[in-house]
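So the sequence lines, in the order shown, correspond to chains A and B.
Position in the first sequence (first residue = 1) + 29 = the working numbering.
Position in the second sequence (first residue = 1) + 29 = the working numbering.
Remarks on the structure that follows.
Number of protein chains: 2
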Amino acid sequence: LQRAPGRTSRVSLVAGVARSEIETQVVLNPSIAKDSPKVVDTVEVSGLEKPVTAYCRCWRSGTFPLCDGTHVKHNKATGDNVGPLVLKK
Amino acid sequence: LQRAPGRTSRVSLVAGVARSEIETQVVLNPSIAKDSPKVVDTVEVSGLEKPVTAYCRCWRSGTFPLCDGTHVKHNKATGDNVGPLVLKK
Ligand code: FES
Ligand code: FES
């Protein structure tokens, strides 16, 4: 990395990684199937029973992979803005 | 909260909140539609074109709400184990 003499970076670096990048390097899933290397769920959409079904994207639902509304609590606690993926028949 | 004399909590507390709880209070979505109070996406499953479509649950896809595989990079960087919701026709 070359820099003009006398100029300093406007990006705060920790071990060469931008701070903003570090702040996004967080564990999203604190508890679901942590023995599994990757949690992938599959929905056969022909099997959907209700006209509308919400699936969790906050990794905090008590009924994961379904959404149970816990994202509302998460958003309030952290200032985040996540919500479910809604499947419509 | 009552505690037997001489016993100490095994949970580390910061301002009365368990540390493990704080560690889960992280922003999941660093960049998607941050002007929106809640990001909810809806899929009309009758409109699915491909036999299999993966939807992002890591909030880091360049093609959100679709999965573009970025969860692999996220999992490697953080030790997390998140993956997409896969819709099958
Ligand atoms: S509970 Fe996780 S998105 Fe609703
Ligand atoms: S890119 Fe986000 S789950 Fe695949």
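We put the CB at the ideal spot given by N, CA and C, even for glycine.
Nothing here was measured: the structure is a model prediction, and the numbers come from that model.
Between which two residues does the alpha helix (DSSP H) holding residue i run?
{"i": "E52(A)", "result": "48-53"}
Can you tell me where the beta strand (DSSP E) holding residue i begins and where it ends?
{"i": "V69(B)", "result": "68-73"}
{"i": "V81(B)", "result": "81-84"}
Nearest to residue i by CA position, among the options, is which residue?
{"i": "S60(B)", "options": "K117(A), V111(A), K118(A), V115(A)", "result": "V111(A)"}
{"i": "S65(A)", "options": "D70(B), K117(B), S49(B), G108(B)", "result": "G108(B)"}
{"i": "D70(A)", "options": "T53(A), S49(A), P80(A), C85(A)", "result": "C85(A)"}
{"i": "N58(B)", "options": "G91(B), S49(B), G76(B), S75(B)", "result": "G91(B)"}
{"i": "A83(A)", "options": "P113(A), A44(A), G76(A)", "result": "P113(A)"}
{"i": "V68(A)", "options": "C87(B), P94(B), V55(B)", "result": "C87(B)"}
Identify whether residue i lies in helix, strand or coil by the three-state DSSP scheme.
{"i": "G108(B)", "result": "coil"}
{"i": "K117(B)", "result": "strand"}
{"i": "T92(A)", "result": "coil"}
{"i": "V43(A)", "result": "strand"}
{"i": "H103(B)", "result": "helix"}
{"i": "G98(A)", "result": "coil"}
Comparing the C-beta of residue i with each C-beta of chain A, is any distance below 8 Å?
{"i": "R32(B)", "result": "Caution applies to R32(B), whose pLDDT of 49 falls short of 50 and renders its modelled position unreliable; the value that the coordinates give is listed next. Not an interface residue."}
{"i": "E78(B)", "result": "no"}
{"i": "G45(B)", "result": "no"}
With 8 Å as the threshold, decide whether the Cβ of residue i is near any Cβ in chain B.
{"i": "S41(A)", "result": "no"}
{"i": "S65(A)", "result": "yes"}
{"i": "G112(A)", "result": "yes"}
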